[in-house]
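Student: What follows is a single structure, and I will ask about it in a moment.
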Amino acid sequence: MIDLKLLRDDPDRVRASQVARGDDPGLVDALLAADDARRAAVTRADNLRAEQKAVSQSVKSASAEERPSVLEKAKALSAEVKAAEAAQSEADAALRVAHLAVPNVVLDGVPPGGEQDYVVREQVGEVMPMLFAPRDHLDIGVGLGAIDVERGAKVSGSRFAFLTGWGALLELALVNLAIGQAVEAGFNPVIAPALVRPEAMEGTGFLGAHADEVYKLANDDLYLVGTSEVPLAAFHSGEVLDDLPMRYAGFSSCFRREAGSHGKDTRGIIRVHQFDKVEMFSYVDPADAEAEHLRLLEQEKAFLSALELPFRVIDVAAGDLGSSAARKYDCEAWLPSQQRWLELTSTSNCTDFQARRLGIRTRGESGLSPVATLNGTLCAVGRTIAVLLEVHQREDGSVHVPEALRPWLANRKELLPQ
RNA sequence: GGAGGCGUCGCCUAGUCCGGUCUAUGGCGCCGCACUGCUAAUGCGGUUUGGGUCUCAAGCCCAUCGGGAGUUCAAAUCUCCCCGCCUCCGCCA
Numbered sequence: 002m003i004d005l006k007l008l009r010d011d012p013d014r015v016r017a018s019q020v021a022r023g024d025d026p027g028l029v030d031a032l033l034a035a036d037d038a039r040r041a042a043v044t045r046a047d048n049l050r051a052e053q054k055a056v057s058q059s060v061k062s063a064s065a066e067e068r069p070s071v072l073e074k075a076k077a078l079s080a081e082v083k084a085a086e087a088a089q090s091e092a093d094a095a096l097r098v099a100h101l102a103v104p105n106v107v108l109d110g111v112p113p114g115g116e117q118d119y120v121v122r123e124q125v126g127e128v129m130p131m132l133f134a135p136r137d138h139l140d141i142g143v144g145l146g147a148i149d150v151e152r153g154a155k156v157s158g159s160r161f162a163f164l165t166g167w168g169a170l171l172e173l174a175l176v177n178l179a180i181g182q183a184v185e186a187g188f189n190p191v192i193a194p195a196l197v198r199p200e201a202m203e204g205t206g207f208l209g210a211h212a213d214e215v216y217k218l219a220n221d222d223l224y225l226v227g228t229s230e231v232p233l234a235a236f237h238s239g240e241v242l243d244d245l246p247m248r249y250a251g252f253s254s255c256f257r258r259e260a261g262s263h264g265k266d267t268r269g270i271i272r273v274h275q276f277d278k279v280e281m282f283s284y285v286d287p288a289d290a291e292a293e294h295l296r297l298l299e300q301e302k303a304f305l306s307a308l309e310l311p312f313r314v315i316d317v318a319a320g321d322l323g324s325s326a327a328r329k330y331d332c333e334a335w336l337p338s339q340q341r342w343l344e345l346t347s348t349s350n351c352t353d354f355q356a357r358r359l360g361i362r363t364r365g366e367s368g369l370s371p372v373a374t375l376n377g378t379l380c381a382v383g384r385t386i387a388v389l390l391e392v393h394q395r396e397d398g399s400v401h402v403p404e405a406l407r408p409w410l411a412n413r414k415e416l417l418p419q
């Protein structure tokens, strides 16, 4: 939720943000109107309550002959208060709807426009031309006995896979490498629940426009998380944090319905319903948010570099940001089989937008105020395995093992087809 | 799954039986001031959070006793539902 004070003081800035996102600036005026209406309703109800309270308190001290008329007056006021309170809760609800409809205000420098309007910040590593026709990760993975999508489909349906043998060990190696790097960098490691209550899902904004993406367990009123950003953000909900910054690296399984992506990335394990992920999450003072964002990006770059993968960093355009994000950087690795860049990590600066909704505050000079929250992928395992296999493949079907992963892979320098 | 107990403004706690005196008691901690070579001790004052009003300052007003609904002129207190924690029983990797 955006800061209503900012909205009242500088509505043009919020309108400009909407325009940059390709979103409706009219939502800003609707929110302003809802805010006005609510304040009017609150003032009216407050005043009536004050009056009622006074009369009500005089009931006890009233003399026997006064009492009936005082009681009558109190009853009449009580009914008025009831009506005013109903009007107030209606106005509250209307404000909430209008408030939730306005996404975070984008930061200065974010490229305007849609999905295609990203700006490439840098490229790390070179895309080496393959001297043979590259195979895709599924072919390679099947050859290694590392990926089994047929049995995945038999047991769980399409977009599910088994990781077996070297595939299973690769996952554990990646997770170990990622968690180790994060701990080294001062992140507190966390194994997070993958099932959360509605409030956690709502508070992080995942039941908005993308509610279709989320698995729900209706019998238990619980949701399966699509990322450990959800439990990590909700971790401190409703709390006052005195020791900022706080940094976490959470490991969890992630579940996505992929409702809107029929026919997209259907082959292999690039887009599946269940995968594991190591996610960084930071709570910081809002003044430090942009610096922290770059810090998360550096962690992602260091991790991909350790895997010896060529990648580029893009500054995602305003229209392609999630509603909570004020800025987002993606790292995209080169996928040889498709000759394209594939998103491997994504880091978002949510400023105080998410924290306001979750009630996560810190003590400042002028009392309590929301913190800033930031999240970033350190390693989305399945997709990273896919890219690793493709980039490090050799003509004979063997796969080079980056040095950083070898401690967990029996010190192998290469994986050989079965 | 069954039975019982508990939840008060940072922490602990009084109040709940029997509705109005609760503008929620006291202690600890914290902040300010006084006293004092320094510290400590002592004394005095302050210390929930959110919202409204406003010269966005003081002040004033409203709400807030785990959450919600209800009864009532009036609810921390009575009723119902929900959530969480604890104890015991059952089941279980």
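Quick note: to get the numbering used here, add 1 to the position in the first sequence (first position is 1).
The beta carbon of each residue, even a glycine, is placed where N, CA and C say it ideally should be.
In this text, all values refer to a predicted model and were calculated from it rather than measured experimentally.
Over the uninterrupted alpha helix (DSSP H) stretch that includes G153, give me the two end residues.
Tutor: In the first sequence, residue 153 corresponds to position 152, counting from 1. Start and end: V150 to S157.
Student: Measuring alpha carbon to alpha carbon, tell me which of E240, M202 and W409 ends up nearest A169.
Tutor: Within the first sequence, residue 169 is the residue found at index 168, counting from 1. Looking at the Cα atoms, W409 is the closest of the given residues.
Student: Identify every run of the beta strand (DSSP E) within the stretch 251-333, keeping only runs that are complete inside it and at least 3 residues long; order them along the chain.
Tutor: Runs of the beta strand (DSSP E) inside the stretch 251-333: 275-285 and 312-316.
Student: Would you decide whether N376 is buried or exposed? Buried here means 16 or more other CB atoms lie within 10 Å of its CB.
Tutor: If you number the first sequence from 1, residue 376 lands on position 375. Under this definition N376 is a buried residue.
Student: Using the beta-carbon count (16 or more within 10 Å), is M202 buried or exposed?
Tutor: Residue numbering aside, residue 202 sits at position 201 when the first sequence is read from its first letter. So M202 counts as buried.
Student: Can you pull the DSSP bridge partners for I180?
Tutor: Against the first sequence, residue 180 aligns to sequence position 179. Note: I180 sits in no beta bridge, so no partner.
Student: With a CB to CB cut of under 8 Å and the five nearest residues on each side skipped, what residues in its chain are close to G126?
Tutor: Position 125 of the first sequence, counted from the first residue, corresponds to residue 126. Around G126: S306, E309, L310, P311 and F312.
Student: Nearest to I270 by CA position, among T385, R248 and G114, is which residue?
Tutor: Translated into positions along the first sequence, residue 270 becomes position 269. For I270, the nearest C-alpha among the options comes from T385.
Student: Less than 8 Å between the CB atoms is what I'm expecting for G227 and R257, so what's the real figure, rounded?
Tutor: Here the question's residue 227 lines up with position 226 in the first sequence. Here the question's residue 257 lines up with position 256 in the first sequence. Right, the Cβ-Cβ distance comes to about 5 Å (below 8 Å), so this counts as a contact.
Student: Using CA atoms only, rank isn't needed, just tell me which of G368, I192, V191 and L145 is closest to D397.
Tutor: Numbered from 1 along the first sequence, position 396 holds the residue referred to as residue 397. Residue L145 is the option with its Cα nearest to D397.
Student: I'd like to check one pair, H237 with L390: are the Cβ atoms closer than 7 Å?
Tutor: Numbered from its first residue, the first sequence carries residue 390 at position 389. Numbered from its first residue, the first sequence carries residue 237 at position 236. Going by C-beta atoms, L390 is not nearer than 7 Å to H237.
Student: Which class does I141 belong to by DSSP, given the choice of helix, strand or coil?
Tutor: By one-based count along the first sequence, residue 141 stands at place 140. In the structure shown, I141 sits in a helix (DSSP, three-state: H, G or I).
Student: Just confirm the distance between the C-beta atoms of V402 and R413, as a whole number of angstroms; I'd bet it's less than 8 Å.
Tutor: The residue given as residue 402 occupies position 401 in the first sequence. The residue given as residue 413 occupies position 412 in the first sequence. 5 Å between Cβ atoms; contact.
Student: Just tell me which of S79, T205 and E293 has its CA closest to the CA of A51.
Tutor: Residue numbering aside, residue 51 sits at position 50 when the first sequence is read from its first letter. Of S79, T205 and E293, the residue nearest in Cα terms is S79.
Student: Could you give the DSSP three-state label for I386: helix, strand or coil?
Tutor: Translated into positions along the first sequence, residue 386 becomes position 385. In the structure shown, I386 sits in a helix (DSSP, three-state: H, G or I).
Student: List the residues that DSSP assigns as beta-bridge partners of R97.
Tutor: As a first step, residue 97 is located in the first sequence; it is residue number 96 there, counting from the start. Note: R97 sits in no beta bridge, so no partner.
Student: How far does the alpha helix (DSSP H) with R9 in it extend, from its first residue to its last?
Tutor: Residue numbering aside, residue 9 sits at position 8 when the first sequence is read from its first letter. Here the alpha helix (DSSP H) through R9 covers L5 to D10.
Student: Please identify the residue among D30, V82 and T374 whose C-alpha is closest to the C-alpha of E293.
Tutor: As a first step, residue 293 is located in the first sequence; it is residue number 292 there, counting from the start. Checking every option, the nearest Cα to that of E293 belongs to T374.
Student: Pick out whichever of V156, V143 and I180 has its Cα sitting closest to the Cα of T165.
Tutor: For the purposes of this step, residue 165 is identified with residue 164 of the first sequence, where counting begins at 1. Selected option, being the one with the closest Cα: V143.
Student: Can you round the beta-carbon distance between L322 and A334 to whole angstroms, since I take them to be within the 8 Å contact cut?
Tutor: On the first sequence, position 321 is the one that residue 322 refers to. On the first sequence, position 333 is the one that residue 334 refers to. At roughly 21 Å, the Cβ-Cβ gap does not stay under 8 Å, so L322 and A334 are not in contact.
Student: Please report how far the alpha carbon of E291 lies from the alpha carbon of N350, in whole angstroms.
Tutor: The residue labelled residue 291 in the question sits at position 290 within the first sequence. The residue labelled residue 350 in the question sits at position 349 within the first sequence. Approximately 7 Å between the Cα atoms of the pair.
Student: For the alpha helix (DSSP H) containing V226, name the first residue and the last one.
Tutor: The sequence position of residue 226 within the first sequence is 225, counting from 1. From DSSP, V226 is part of no alpha helix (DSSP H); its letter is neither H nor E.
Student: Return the chain-ordered list of same chain residues with a C-beta closer than 6 Å to the C-beta of R357, the five sequence neighbours on each side being excluded.
Tutor: Within the first sequence, residue 357 is the residue found at index 356, counting from 1. Only M2 and P371 meet the Cβ criterion.
Student: Is the stretch 188-198 touching the stretch 249-256, taking contact as three or more C-beta pairs under 8 Å?
Tutor: Yes, they touch.
Student: Under 7 Å, do R22 and G320 count as touching if we go by C-beta distance?
Tutor: Counted from its first residue, the first sequence places residue 22 at position 21. Counted from its first residue, the first sequence places residue 320 at position 319. Yes, the Cβ-Cβ distance between R22 and G320 is below 7 Å.
Student: Terminal residues of the continuous alpha helix (DSSP H) containing T44?
Tutor: Counted from its first residue, the first sequence places residue 44 at position 43. Where T44 is concerned, the enclosing alpha helix (DSSP H) stretches over G27 to S62.
Student: For H100, count neighbouring C-beta atoms within 10 Å of its own C-beta (all shown protein chains included) and say buried if the count is 16 or more, exposed if not.
Tutor: Counted from its first residue, the first sequence places residue 100 at position 99. H100 comes out buried.
Student: For the 8 Å Cβ check, are there 3 or more pairs between the stretch 64-73 and the stretch 17-31?
Tutor: Taking 8 Å as the limit for Cβ pairs, the verdict is that the stretch 17-31 does not touch the stretch 64-73.
Student: By Cβ distance below 8 Å, which residues in the same chain neighbour G187 in space, the five residues on each side in sequence not counted?
Tutor: In the first sequence, counting from the first residue as 1, residue 187 sits at position 186. For G187, where only same-chain residues beyond five positions count, the Cβ hits under 8 Å are R248.
Student: Within a Cβ cutoff of 8 Å, which residues of the same chain sit near S262, ignoring the five residues on either side of it in sequence?
Tutor: What you label residue 262 is simply residue 261 of the first sequence in a count that begins at 1. Around S262: R272.
Student: Rounded to whole angstroms, what is the Cα-Cα separation between V82 and Q58?
Tutor: The residue labelled residue 82 in the question sits at position 81 within the first sequence. The residue labelled residue 58 in the question sits at position 57 within the first sequence. If you take the alpha carbons of V82 and Q58, they lie about 15 Å apart.
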